[in-house]
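Last residue of the sequence shown? That's 300 in the numbering used here, and every number before it is there in order.
Positions of the beta carbon are idealized from the N, C-alpha and C atoms, including for glycine.
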Amino acid sequence: MTAQIIDGKAFAASVREKVAGHVTRLKEENGITPGLAVVLVGEDPASQVYVRSKGKQTVEVGMNSFEHKLDADTSEADLLALVEQLNNDPEVHGILVQLPLPKHLNEDLVINSIAPEKDVDGFHISNVGLLGTGQKSMVPCTPLGSLMMLRDHHGSLSGLDAVVIGRSNIVGKPMAQLLLGDSCTVTIAHSRTKDLADVVRRADIVVAAVGRPEMVPGDWIKPGATVIDVGINRIERDGKNVLVGDVDFASAKDVAGAITPVPGGVGPMTIACLLANTVTACCRANGLSEPEGLTA
Ligand code: GUN
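Written out as structure tokens, the structure reads:
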């Protein structure tokens, strides 16, 4: 069997198109332009690339982009004051503080100072709790994008066996909650899991989010299973610097029913879902009905 390759780039483009349509409607019918504020502290090169890309895509879908770049030695008090200012700014519907923060800043404290309804990353403890109890929340972008692709491929996920490899707060745990919300039977596996190969072999859906290059070989995959590879790992191969996922794509694609490639799979969905969350936050803030197909 050769797996269907799930094209995350095309899927993300379709999400952005939907977002842009909602933005146009919000502007024309309600006189509201959704706004996303991104806060970057310091000069981490990877973070700078992400933030630039976020800003560009935000503007491309017709939203306002507010970028706040602070020095690496910014005090916690100054950062909290900026977040408070953004919390109170009616033109800002979404706030994202780029992680990681410099060591002297308490990430939990900063994230939890964001107004939960503007927390488009879905990292605030209120949103984590709302998601865990099946209530309306802001949902972390990478798991939301992964869920959208799974729903698109399967229609209903009800009753399917899903394994999430990785237990991070950003991907693994919220992914498991979302799959549970769609009535999957969910296993969360991690570095201490015994017989990981056997656990993965039972799964109709495998979400790999561990950050270990190509750790899941094709012979762990149940024939016909859907594989969502969240990993983005840089390795040297044949003297070249290449990006690979947490799944060994070359062997997995011959066994899986469908698989996301790296790059071009889950990656592009993350920013698309950030834009989707910003529109959702904007609609909620203004008491308008939520955009369909863009939320969990
Ligand atoms: N750093 C890398 N990815 C992310 C993300 O999705 N959100 C935030 N806030 N920081 C990140």
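Neighbourhood of residue i by C-beta, 8 Å cutoff - its chain only, sequence neighbours within 5 removed
{"i": "Ser3", "result": "Since the first residue of the chain shown is 5 and the last is 300, residue 3 is not available in this structure."}
{"i": "Ile36", "result": "Leu30, Cys286, Asn290"}
{"i": "Leu84", "result": "Leu113, Val114, Ser117"}
{"i": "Gln8", "result": "His157, Gly261, Ala262, Ile263"}
{"i": "Ser172", "result": "Ala213"}
{"i": "Gly271", "result": "Gly12, Ile236"}
{"i": "Pro295", "result": "Lys22, Val23, His26, Ala280, Val283, Thr284, Cys287"}
{"i": "Val203", "result": "Val167, Thr191, Ala193, Thr197"}
{"i": "Glu80", "result": "His108, Leu109, Asn110, Leu113, Val114"}
{"i": "Ala14", "result": "none"}
Contact under 8 Å by Cβ, residue i with residue j
{"i": "Ala50", "j": "His72", "result": "no"}
{"i": "Cys145", "j": "Cys287", "result": "no"}
{"i": "Leu200", "j": "Val190", "result": "no"}
{"i": "Asp208", "j": "Ala166", "result": "yes"}
{"i": "Val143", "j": "Pro178", "result": "yes"}
{"i": "Val251", "j": "Val27", "result": "no"}
{"i": "Asp258", "j": "Thr6", "result": "yes"}
{"i": "Gly12", "j": "Met273", "result": "yes"}
{"i": "Val43", "j": "Leu86", "result": "yes"}
{"i": "Ala212", "j": "Gly185", "result": "no"}
{"i": "Leu370", "j": "Ser187", "result": "The chain is shown from 5 up to 300; residue 370 falls before or after that span and cannot be answered."}
{"i": "Val53", "j": "Thr78", "result": "no"}
{"i": "Gln210", "j": "Ile225", "result": "Going by the sequence as given, residue 210 is Val instead of Gln. Result yes, Cβ atoms of Val210 and Ile225 sit closer than 8 Å."}
{"i": "Gly170", "j": "Gly163", "result": "no"}
{"i": "Asn110", "j": "Leu292", "result": "no"}
{"i": "Gly269", "j": "Ile10", "result": "yes"}
Close-in-space but distant-in-sequence residues of the same chain around residue i (CB under 7 Å, 5 per side omitted)
{"i": "Leu90", "result": "Ala41, Val96, Ile99"}
{"i": "Pro227", "result": "Met5, Val259"}
{"i": "Thr62", "result": "Leu40, Ser69, Leu279"}
{"i": "Gln139", "result": "none"}
{"i": "Asp205", "result": "The question names Asp, but residue 205 is Arg in the sequence shown. Same-chain partners within the cutoff: Trp224, Lys226."}
{"i": "Lys58", "result": "Val42, Ile275, Leu278"}
{"i": "Leu154", "result": "Leu161, Ile209, Thr230, Ile232"}
{"i": "Asn92", "result": "none"}
{"i": "Ile239", "result": "Pro217, Val246, Val248"}
Beta-carbon contacts of residue i that lie in its chain and below 6 Å, excluding the five residues immediately before and after
{"i": "Ser130", "result": "Pro120"}
{"i": "Asn68", "result": "Thr37, Gly39"}
{"i": "Gln141", "result": "According to the sequence provided, residue 141 is Ser. The question's Gln does not apply to it. Excluding residues within five positions, the ones whose Cβ falls inside 6 Å are Asn131, Leu134, Leu135."}
{"i": "Asn237", "result": "Pro217, Val248"}
{"i": "Ala24", "result": "Val65, Gly66"}
{"i": "Lys60", "result": "none"}
{"i": "Met219", "result": "Asp250"}
{"i": "Thr3", "result": "A question about residue 3 goes unanswered here, because the residues of the chain that appear run from 5 up to 300."}
{"i": "Phe127", "result": "Ile115"}
Chain D contact for residue i (CB, 8 Å cutoff)
{"i": "Asp75", "result": "Looking at the structure shown, chain D is missing, and only one protein chain is on hand."}
What residue ranges within the region 73-112 form continuous alpha helix (DSSP H) runs of no fewer than 4 residues, ordered along the chain? 80-91
Can we say the region 147-157 touches the region 99-111, given the rule of at least three CB pairs closer than 8 Å? no
Contact between the region 118-133 and the region 238-251 (3+ Cβ pairs under 8 Å): no
Taking three-plus beta-carbon pairs below 8 Å as touching, is the region 18-32 in contact with the region 265-282? yes
Should the region 258-267 be called in touch with the region 62-79, which here means at least 3 C-beta pairs below 8 Å? no
Complete alpha helix (DSSP H) runs within the region 134-170 (minimum length 4 residues, chain order): 145-158
Taking only runs that begin and end inside the region 211-259, name each unbroken alpha helix (DSSP H) of 4 or more residues, in chain order. 253-256
Whole beta strand (DSSP E) runs in the region 20-64 with 3 or more residues, listed along the chain? 39-45
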